[in-house]
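Chains as they are written, first to last, in my numbering: chain A, 322 to 404; chain B, 31 to 425.
For each residue, glycine too, the CB sits at the ideal point set by N, CA and C.
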Amino acid sequence: MTEADIYQFLDGVFRDLFKRGDIVLQADLSAADVVGWDSFRQVEITLALEERYGIRIRTRELDEVANLGDLVALTLGKARTRT
Amino acid sequence: MQSAALEPIGGLSGVVDRFIRPRTLKGWVINRERRCGGKDITITARLSGRLIGEGRPIAERPDVVDERGYLAGFQLECSEDIPDEAVAFGRLNIDASDPLGATGTLPIYDRERNIALATVLRSAPPMGAEAVSTLLGVIAAKATLTGEAKQALVDLRTRHFSEGGATPKPPPARDPAAEADRQLMMRFESLGADCDLGIVQRSFGAEPLGLLRFSSIRTQELTAALADRLRGVGSPVLTVLSVDNEGEYRTSDRRYGMQAHTFFFEGSVERDELFGQQCKKIAYLARNLLETIEDGEKILVHHMMPNRLSEAQLQALLDAVRAIGPSPLLYVENAVADGQSGTVVLRDNGLLVGYLARVEDKAAQTAQANAEVWRSICRAAVERVSSADAARRQS
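Structure (structure tokens):
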């Protein structure tokens, strides 16, 4: 698994959640850049990652997540540890 | 021949069904009696009364008129950018007329108006709760709002209103002092009973995820829920999804009465799907609240205004927390003495008690007005906890 895989998965999640296809997912994308990316949506994104990769992401860990790159790195680290 | 079901006005009917930002309008217009060809109709666009565009139908619109050669579709390239406000609030007027004197006013398609409205709301500058409330009341009365515009209303309310929830994100870290405040606020986790702390955290750019951050729950039920380690919270069997007076879906827990916004309105989302999502979300946040308490690194805050809890209620709540983990508990209540507001005391049983002056001025009774006092309370609480930890280590 690579970061690219996670970005690809998140692309579908974002399309689903925000009903938009024009959001370019990149490392420095943050919630401030996407209308509607709020704490509630963050939970949904997190749950999607947990389910897809069989991991657990804690809210406390999300406190440190500043952008999409951080979230992808966190997910990748947990997923690799799991396997 | 087919035509869309629009009432003819002055003999001409039509609609602006597409607004291509910043200055292109597309739509169709017909003379219902076909007294003259569509290409003879003149369409004008006026922005606040000022002429900004003029044109004629140039294309067939088989979806509107199935008569070959009848030109009904138009595209106006306006001379000025058209603000979304103008589209949303009716300052853009599109009129049509033909050489035989027939006239008509072309409405802007609801979808386009809703998109424009959503855009306006999402970029609205900060405004007071009263203004937002008035705006919401006016707009919500419109039956034509689509899910997108309704969602924008939710976003607006959460950005400006005390019930909060769906948040615009904290602005990127500003100066070091602001970042220090944000980090200070991230050290606290709301345990209800209201949304005050959550709103104050937002005012400092802190947006921690939390089960009770934007929920309401009574102290007694909170204590019972914690004593039961939040067992079953978020379970579909124990969760109820209902619609409030404003048409918003809310969840509540059958046993503990914990209520939470969903920020989705009736009709804008599939109910069963929403229910499933909300249950998962609540369960996730419940699981994390337990882990947070077990970690002991965050300070839990229970805020109860204007009523004061009895000593027995406080002890029961503290015991319920302690049974889960070592997180300090800060109880915030009304300040009753001069100079007390913004201070925190550490009681012998380990309970932190903070004092907040009650703001009597309703207009000022907002999180923003209390933010400075809350910051003082939070700073004092951290200092008390640090001192207690240091003393414990020394002994």
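_Counted within 10 angstroms of its Cβ, other Cβ atoms place B:Ser78 as buried (16 or more) or exposed_ = The residue is exposed, with fewer than 16 neighbouring Cβ atoms inside 10 Å.
*Going by alpha carbons, who is nearest to A:Glu372 out of A:Asp343, A:Thr396, A:Arg336 and A:Val345?*
For the residues A:Asp343, A:Thr396, A:Arg336 and A:Val345, the minimum Cα distance to A:Glu372 belongs to A:Thr396.
*Can you list, in chain order, the residues of its chain whose CB lies under 7 Å from that of A:Ile327, leaving out five sequence neighbours each side?*
Same-chain partners within the cutoff: Val393, Thr396 and Leu397.
*With a CB to CB cut of under 7 Å and the five nearest residues on each side skipped, what residues in its chain are close to A:Ala387?*
Closer than 7 Å at the Cβ level, and outside the excluded window around A:Ala387, lie Ser351.
*Among B:Glu97, B:Pro266 and B:Pro87, which residue has its Cα nearest to the Cα of B:Phe104?*
That would be B:Pro87, whose Cα lies nearest to the Cα of B:Phe104.
*Run the CB neighbour count on B:Asp226, radius 10 Å, all protein chains shown included, and call it buried at 16 or more, exposed below.*
Around the beta carbon of B:Asp226, 16 or more other beta carbons sit within 10 angstroms, so the residue counts as buried.
*Look at the Cβ atom of B:Arg212, then the Cβ atom of B:Phe244, and state whether they are nearer than 8 Å.*
In this structure, B:Arg212 lies away from B:Phe244, with their beta-carbon atoms at least 8 Å apart.
_Proximity to B:Ser282 [Cα-Cα], best of B:Thr72, B:Val267, B:Glu276 and B:Glu296_ = Checked all of B:Thr72, B:Val267, B:Glu276 and B:Glu296; the closest Cα to B:Ser282 is B:Val267.
*asked:* Which complete beta strand (DSSP E) runs does the segment 253-324 of chain B hold, if anything under 3 residues is left out?
replied: Runs of the beta strand (DSSP E) spanning 3 or more residues and lying entirely within the segment 253-324 of chain B occur at 269-273, 278-283 and 289-295, in chain order.
_Rounding to the nearest angstrom, what Cα-Cα distance links B:Thr74 and B:Pro52 in this structure?_
Each residue's alpha carbon lies about 17 Å from the other.
*Rank B:Asn123, B:Asn61 and B:Leu271 by C-alpha distance to the C-alpha of B:Arg76 and give the top, closest one.*
Ranking the options by Cα distance to B:Arg76, first place goes to B:Asn123.
*Under a CB-based cut-off of 8 Å, is A:Gln363 close to chain B?*
Yes, its Cβ sits closer than 8 Å to a Cβ of chain B.
*B:Gln308: which of B:Thr322, B:Ser298, B:Leu319 and B:Phe293 sits nearest, CA to CA?*
Between B:Gln308 and the set B:Thr322, B:Ser298, B:Leu319 and B:Phe293, the nearest pair of CA atoms involves B:Phe293.
*What residues are listed by DSSP as bridge partners for A:Ile435?*
Here chain A comprises residues numbered 322 to 404, so residue 435 of chain A is not present and cannot be evaluated.
*B:Glu97 to B:Ala89 span [Cα, whole Å]*: It is roughly 12 Å from the alpha-carbon of B:Glu97 to the alpha-carbon of B:Ala89.
*Hey, is A:Asp337's beta-carbon within less than 8 Å of any beta-carbon in chain B?*
Between A:Asp337 and chain B, the shortest Cβ-Cβ separation is not below 8 Å.
*How would you list, in chain order, the residues of chain B whose beta-carbon sits under 8 Å from the beta-carbon of A:Asp349?*
The premise fails here: A:Asp349 is roughly 11 Å from chain B at the closest Cβ pair, so nothing lies under 8 Å.
*Where do the ends of the beta strand (DSSP E) carrying B:Glu2 lie?*
For residue 2 of chain B there is no data in the structure shown, the boundaries of chain B being 31 and 425.
*Along the chain, which unbroken stretches of the beta strand (DSSP E) at least 3 residues long are found entirely within the segment 334-418 of chain B?*
Counting only runs of 3 or more, we get 359-364, 374-376 and 382-386.
*Starting from the C-beta of B:Leu346, find all residues in its chain whose C-beta is less than 7 Å away, skip the five residues before and the five after it, and write them out in chain order.*
The question names Leu, yet the displayed sequence has Ala at residue 346 of chain B. Spatial neighbours of B:Ala346 in its own chain (CB-CB distance under 7 Å, excluding positions within 5 residues in sequence) are listed in chain order as Thr253.
*Could you check the C-alpha separation between A:Gln329 and A:Met322 for me, to the nearest Å?*
Using only the alpha carbons, I get a separation of about 11 Å.
*Does the segment 405-414 of chain B come close enough to the segment 367-384 of chain B to have 3 or more Cβ pairs within less than 8 Å?*
Under the 8 Å Cβ criterion, the segment 405-414 of chain B counts as touching the segment 367-384 of chain B, having at least three qualifying pairs.
*Contact list for the segment 266-287 of chain B against chain A, Cβ threshold 8 Å*: Answer set for the segment 266-287 of chain B: empty.
*Does DSSP classify A:Ala380 as helix, strand or coil?*
Here residue 380 of chain A is Thr; the residue named in the question, Ala, does not match the sequence. In the structure shown, the three-state DSSP call for A:Thr380 is helix.
*Who are the neighbours of B:Met216 on chain A, taking C-beta pairs under 9 Å?*
For B:Met216, the chain A residues whose Cβ falls inside 9 Å of its Cβ are Asp384, in order along the chain.
*Grouping DSSP H, G and I as helix and E and B as strand, with all else coil, what is B:Ile229?*
In the displayed model, B:Ile229 falls within a helix according to three-state DSSP.
*Under a Cβ-count criterion, where at least 16 other Cβ atoms within 10 Å of its own Cβ denotes burial, should A:Arg341 be classed as buried or exposed?*
Taking every protein chain shown into account, the CB of A:Arg341 has fewer than 16 other CB atoms within 10 angstroms, so this residue is exposed.
*asked:* DSSP three-state label for A:Ala348, please.
replied: In the structure shown, A:Ala348 adopts coil according to DSSP, grouped into three states.
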